[in-house]
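Only one structure is covered here, and it is reproduced in the block below.
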Amino acid sequence: MIQCCKCGTLTQPSILNMCSFCSTVHTDISLTIKKHIIIKHCRKCTRYLFPPKAWLFFHNQNDFINYLIKINTTLKHLNIISADLVYDKENTKNIILVINFVKVNYLNEQIVNENKLEIVYKLAFSQCKECAKMEDSQFWQSLVQVRQKNSDKKTFKQLEEIISKSNLNLGTINKCKNGLDFQFSDLITATKFVNFLKNNIVCKVDSSNKLISQDRKSNLNYFKNTFSVQICPFNKNDLISVTKEISHSFNVNDRLLVLKVSTELKLLDPISFKIIRINNSFFWKNADKFTILCTKISAKEFDIHEKILSDLPGIGKYKSCDLFVNDGNDTFHTKCHLANFVKEGDIVLGYNLKILNLEIKEGFTVYIFKKKPSKSEKKLNLENLEI
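Just so you know, we're using numbering that gives the first Met the number 0 here: the sequence shown kicks off at 0 and counts up by one.
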């Protein structure tokens, strides 16, 4: 028997020369644990570096906690029973990991103590290799070229709004004459984006690839892939012309108004008051049979003098009516689908084919597509306010 070096109690000889109580109190296993660690975080893709080269993205907090425990190699042999995260309010770059672990007494395995430990992880903002390459405008593996051949790119702006709400990884974006170029670091992300466009808008996709390098030892080929996406050239409220073949097959007149452009074209014949739907594949097979006559740029204002309701049943929110309108010089008779939205005295927007030097058919010179909102109906645009 020997005396304990701390309290003097008689105890069995051991490496520590301490009794069971003193060995529990005075031996601190946490002294060998790193309590301050730096972790690298990529701001652009929100991934974390797992040494030496892997960059990982974590979908939930449990996976992130496991990552923090693994990168601290001094916790490897610790018996952890629980762990939780605490964010430092004073320093947003600090993440505090609070762990609870049990420690078995060195001299007496029946004595188990529970301990609590805080480890501070400091975020060091860096860039992963993929994001660094994407910053270089010359680097891309897959390119998606989105184009619309129309002077008034309303459908393109509509698509931009859908893309901005989708939270897609868009890579590097470059503006071009008739659209945008999207540069991606891999083919999978580019393909997902192309499929997203197909599911939201009438478009045609052509693809090509170019061999940029070849590894003969590993039998690997590296390509640059290009997707050319052509969006339907029509915008909402455009007046278009179709061939006799199309008009006969759908039993409509050859001049139609575009009501909607999404995954299909929604076209209205204001004379017969019939709405037809053109799907993506049919449109591109017969694209040469559709021609733009007028766009919103050439629209004129007309005053409604008289409105006569039609006996034709309504279609959704639309109802047919006859209108007598005046442009300040002449009075015109036309048919319109906005019976539920306009009344005598309102100002409407439409196309005057006489001014545009277009052939007049069915006796109608004017095509009305929209009611002009009054000042009281206009919403306040906060973005244009100057304070």
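Ideal placement from N, C-alpha and C gives every residue a C-beta, glycine not left out.
Taking all protein chains shown into account, do 16 or more other C-beta atoms lie within 10 angstroms of the C-beta of residue i, making it buried, or fewer, making it exposed?
i      : result
Ile314 : exposed
Ile118 : buried
Asn380 : Its pLDDT being 45, under 50, Asn380 is placed unreliably by the model, and nothing is read from it.
Gln229 : buried
His391 : In the structure as shown, the chain starts at 0 and stops at 386, and residue 391 therefore has no counterpart that could be examined.
Ala338 : buried
Phe281 : exposed
Gly170 : buried
Tyr86  : exposed
His58  : exposed
His304 : exposed
Met17  : buried
Gln182 : buried
Leu308 : exposed
His35  : exposed
Arg146 : buried
Cys6   : exposed
Asn71  : buried
Gln140 : buried
Ala131 : exposed
Pro232 : buried
Ile354 : exposed
Thr154 : buried
Leu55  : exposed
Asn234 : buried
Pro269 : buried
What three-state label does DSSP hand residue i in the structure shown?
i      : result
Ile70  : helix
Leu186 : helix
Val193 : helix
Ile110 : Because Ile110 carries a pLDDT of 48, less than 50, the predicted location of this residue cannot be relied on, and the following value inherits that uncertainty. Coil at Ile110, not helix or strand.
Leu158 : helix
Tyr105 : Since pLDDT at Tyr105 reaches only 47, below the 50 mark, its modelled position is unreliable, and no value is offered.
Ile245 : helix
Asn391 : No information on residue 391 is available, as it lies outside the stretch 0 to 386 that the chain covers here.
Lys370 : strand
Thr91  : coil
Ser389 : Because residue 389 is not part of the residues shown, which for the chain are 0 to 386, the question remains open.
Thr31  : helix
Cys202 : strand
Lys284 : helix
Lys209 : strand
Lys174 : strand
Lys148 : coil
Lys153 : helix
Lys128 : helix
Taking residue i and residue j to be in contact with their CB atoms under 8 angstroms, please state how far apart those CB atoms are, rounded to whole angstroms.
i      : j      : result
Val260 : Val201 : 6 angstroms
Arg254 : Phe124 : Actually they do not touch by this definition, with Cβ atoms about 58 angstroms apart.
Val257 : Ser271 : Val257 to Ser271, Cβ: 16 angstroms. No contact.
Ile367 : Thr330 : Not a contact, Cβ separation roughly 14 angstroms.
Glu300 : Asn278 : At roughly 35 angstroms, the Cβ-Cβ gap does not stay under 8 angstroms, so Glu300 and Asn278 are not in contact.
Ile291 : Ile239 : 6 angstroms
Ile80  : Val101 : 6 angstroms
Phe226 : Ser248 : With a Cβ gap of about 32 angstroms, Phe226 and Ser248 do not count as contacting.
Asn236 : Lys295 : 6 angstroms
Asn208 : Phe192 : Wrong, their Cβ atoms sit about 16 angstroms apart, outside the cutoff.
Leu84  : Gln60  : 6 angstroms
His336 : Leu267 : 6 angstroms
Ile38  : Tyr47  : 6 angstroms
Ala298 : Leu348 : 5 angstroms
Asn166 : Thr188 : At roughly 13 angstroms, the Cβ-Cβ gap does not stay under 8 angstroms, so Asn166 and Thr188 are not in contact.
Asp287 : Ile346 : Not quite, the Cβ-Cβ distance comes to about 37 angstroms (not below 8 angstroms), so this is no contact.
Check: Do the stretch 143-157 and the stretch 53-69 meet, that is, are 3 or more Cβ pairs less than 8 angstroms apart?
Finding: Contact between the stretch 143-157 and the stretch 53-69 is absent, because fewer than three Cβ pairs lie under 8 angstroms.
Next item on the list: Can you check the stretch 33-71 for any beta strand (DSSP E) of at least 3 residues that lies completely inside it and give the ranges in chain order?
Entry: 35-41, 47-49 and 53-55
Next item on the list: Could I get the ranges of all uninterrupted beta strand (DSSP E) runs contained in the stretch 287-361, with 3 residues as the minimum, in chain order?
Entry: 289-293, 299-308, 320-325, 330-335 and 346-351
Next item on the list: Flag this pair as touching only if the stretch 90-100 and the stretch 48-58 have three or more C-beta atom pairs under 8 angstroms; answer yes or no.
Entry: no
Next item on the list: Please determine if the stretch 306-321 and the stretch 173-184 are in contact, where contact requires at least 3 C-beta pairs separated by less than 8 angstroms.
Entry: no
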